[in-house]
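Step one of this worksheet: look at the structure below.
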Amino acid sequence: MIGPEGVLALARFAFYAAAIALFGWACFTALVAPRALGRQVAADSARRIVAAGLLALAATLAWLPLEAATIGGWAMAGDGASLRELAFGTVIGWAWLTRLVLSVLMLAALAWRAAPMLGVVLSGMLLASLALSGHANMHEGVRGVLHHGNDALHILAAGFWLGSLVMLPSCLAHLARPATRPEATIALRRFSSAGHGAVALVLVSGIANTLLILGHLPLDASSPYQRLLALKIVLVMAMIGVALANRYVFMPRLGDDPVRAVARIRHGTFAELALGGGVLALVSWFGLLDPV
Amino acid sequence: MLKPAVIVIAACLFSGSALAHAHLKAAEPAEGARIAASPTALSLSFSEALEAKLSGVTLKGPDGKTIATGTAVLDAKDQRVLRVPLDGALRAGKYTVHWRALSKDGHSTHGSYAFTVAP
Numbered sequence: 007m008i009g010p011e012g013v014l015a016l017a018r019f020a021f022y023a024a025a026i027a028l029f030g031w032a033c034f035t036a037l038v039a040p041r042a043l044g045r046q047v048a049a050d051s052a053r054r055i056v057a058a059g060l061l062a063l064a065a066t067l068a069w070l071p072l073e074a075a076t077i078g079g080w081a082m083a084g085d086g087a088s089l090r091e092l093a094f095g096t097v098i099g100w101a102w103l104t105r106l107v108l109s110v111l112m113l114a115a116l117a118w119r120a121a122p123m124l125g126v127v128l129s130g131m132l133l134a135s136l137a138l139s140g141h142a143n144m145h146e147g148v149r150g151v152l153h154h155g156n157d158a159l160h161i162l163a164a165g166f167w168l169g170s171l172v173m174l175p176s177c178l179a180h181l182a183r184p185a186t187r188p189e190a191t192i193a194l195r196r197f198s199s200a201g202h203g204a205v206a207l208v209l210v211s212g213i214a215n216t217l218l219i220l221g222h223l224p225l226d227a228s229s230p231y232q233r234l235l236a237l238k239i240v241l242v243m244a245m246i247g248v249a250l251a252n253r254y255v256f257m258p259r260l261g262d263d264p265v266r267a268v269a270r271i272r273h274g275t276f277a278e279l280a281l282g283g284g285v286l287a288l289v290s291w292f293g294l295l296d297p298v
Numbered sequence: 156m157l158k159p160a161v162i163v164i165a166a167c168l169f170s171g172s173a174l175a176h177a178h179l180k181a182a183e184p185a186e187g188a189r190i191a192a193s194p195t196a197l198s199l200s201f202s203e204a205l206e207a208k209l210s211g212v213t214l215k216g217p218d219g220k221t222i223a224t225g226t227a228v229l230d231a232k233d234q235r236v237l238r239v240p241l242d243g244a245l246r247a248g249k250y251t252v253h254w255r256a257l258s259k260d261g262h263s264t265h266g267s268y269a270f271t272v273a274p
């Protein structure tokens with residue numbers, strides 16, 4: 007029988023995946039892709055992205071009762087008075103209300119086909135608001151502000167990286183068509199330049215986060231938190247390896263042998279996405295553990 | 156880009172590390188203590204700041220029955236300290252304090268300890 011913490015970890019995973027897909031979609035269609043390609047990709051993926059918005063909202067709705075269940079058992083998950091206390095009387099409750107409002111606004115923006123930049127802002131805020139409810143709450147004062155800021159930066163940089171990878175297969179499909187090839191090439195170049203910055207930010211903010219939470223490197227194998235964090239770092243390193251191969255081995259071959267190069271980049275992208283899914287699963291789980 | 160990171164790293168190297176989950180550090184009356192006079196309040200010090208609304212204690216008397224207490228409040232100066240006023244004097248015997256604590260990051264912990272009133 008799966009306990010409340012296991013179900014909460016699943017809801018967290020669903021939320022991370024949905025919010026990252028939303029952010030990646032918004033960034034790609036509004037910022038990375040040239041205008042015509044951005045519009046076309048947005049139209050092609052409209053249904054899937056509404057599904058991601060609905061998943062983000064559903065995972066958010068499930069989050070509070072599940073959080074309550076980890077505190078006071080399943081009985082508390084259905085107790086209105088306790089849920090109200092949790093929602094309106096605690097720091098994590100206010101963070102949850104923020105996410106609830108932002109996921110509704112994001113869905114509304116998708117439904118009414120609002121300006122793409124609004125989607126970037128809303129989905130970015132939705133991702134960054136995760137920093138309000140995590141381990142960053144362990145510090146107060148200046149250190150708390152720095153920790154929250156660093157956490158938000160880490161989530162946004164990682165969200166851009168992983169979220170753009172979700173959009174990459176459709177970009178590669180356009181790369182294979184002569185009509186859309188020039189714009190898809192521009193989008194791929196832009197993603198790859200911005201990707202360098204995002205990966206660097208992920209690394210620096212990740213190191214700072216580890217030091218802020220643990221105070222040292224995760225080397226104590228007897229701590230479940232440290233074991234899972236170390237495994238996450240290994241997966242991220244593997245992602246960086248694949249990303250470097252894509253960028254510096256296969257992208258330069260696009261001119262000579264585009265069909266094979268695109269196929270290789272697509273395989274690499276799926277490998278990075280699988281590793282990224284593993285990273286999200288780990289974060290969903292060890293974020294609930296005592297960071298000792 | 157590097158400068159804020161250096162500040163962040165420096166900030167955490169030069170201050171003590173914290174645990175995100177609330178662990179009981181000390182209590183008054185202390186765990187296992189034998190005290191002569193009935194306390195007027197229980198005081199529990201945790202490793203982390205708590206959420207007042209979802210933290211609290213249940214006090215059980217020598218006969219195992221729950222004893223009514225005042226509402227648990229956080230210390231005005233230190234949110235890591237939970238104070239529970241006692242309504243009446245405790246008679247002689249062994250008392251068990253069952254506590255639950257919700258830290259600011261949403262993690263809940265619980266535990267218990269006992270003390271003895273022996274006038």
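Taken in sequence, the protein lines are chains C and H.
Take any residue in the first sequence, note its place counting from 1, add 6, and you have its number in my numbering.
Take any residue in the second sequence, note its place counting from 1, add 155, and you have its number in my numbering.
The C-beta atom is built at its ideal place from N, Cα and C for all residues, glycine as well.
Since this is a predicted model, take the numbers as computed values, not measurements.
| Check | Outcome |
| --- | --- |
| Please decide whether Ile98(C) counts as near chain H, where near means a Cβ-Cβ distance under 8 Å. | yes |
| I'd like to know if His253(H) contacts chain C, where contact means its C-beta is closer than 8 Å to some C-beta of that chain. | no |
| Roughly how many angstroms separate the alpha carbons of Val210(C) and Ala196(H), rounded to a whole number? | 47 Å |
| Would you mind working out which of Gly44(C), Thr216(C), Leu60(C) sits nearest Met123(C), comparing C-alpha positions? | Gly44(C) |
| Run the CB neighbour count on Gly12(C), radius 10 Å, all protein chains shown included, and call it buried at 16 or more, exposed below. | exposed |
| Between the Cα of Trp159(C) and those of Leu92(C), Leu207(C), Arg41(C), Glu146(C), spot the shortest distance and give me the residue it belongs to. | The question names Trp, but residue 159(C) in the sequence shown is Leu. For the residues Leu92(C), Leu207(C), Arg41(C), Glu146(C), the minimum Cα distance to Leu159(C) belongs to Leu207(C). |
| I want to verify the contact list: residues of chain H whose CB lies under 7 Å from the CB of Asn143(C), in sequence order. | Lys259, Asp260 |
| Using the beta-carbon of each residue, which ones in chain H are nearer than 9 Å to Ser139(C)? | Asp260, Gly261 |
| Within a Cβ cutoff of 6 Å, which residues of the same chain sit near Trp291(C), ignoring the five residues on either side of it in sequence? | Ala15 |
| Counting C-beta neighbours from all protein chains within 10 Å, is the total for Ser199(C) 16 or more, i.e. buried, or is it exposed? | exposed |
| Output yes if chain H places a C-beta closer than 8 Å to the C-beta of Asp296(C); else output no. | yes |
| Within 8 Å (strictly less), CB to CB, does Leu209(H) reach chain C? | yes |
| Please list the residues of the segment 186 to 213 of chain H that have a C-beta atom closer than 9 Å to any C-beta atom in chain C, keeping them in chain order. | Glu203, Ala204, Glu206, Ala207, Lys208, Leu209 |
| Near Ala277(C), what residues of its chain come up, given a Cβ to Cβ distance below 8 Å and the 5 sequence neighbours on each side ignored? | Val248 |
| So what's Val272(H) in DSSP terms, helix, strand or just coil? | strand |
| Taking only beta-carbon positions, decide if Ser172(H) is within less than 8 Å of chain C. | Bear in mind that a pLDDT of 38 at Ser172(H), under 50, signals an unreliable position, so the model cannot answer this. |
| Give the range of the alpha helix (DSSP H) segment to which Ala48(C) is assigned. | 41 to 50 |
| Between the segment 256 to 273 of chain C and the segment 181 to 191 of chain H, do three or more beta carbon pairs fall short of 8 Å? | no |
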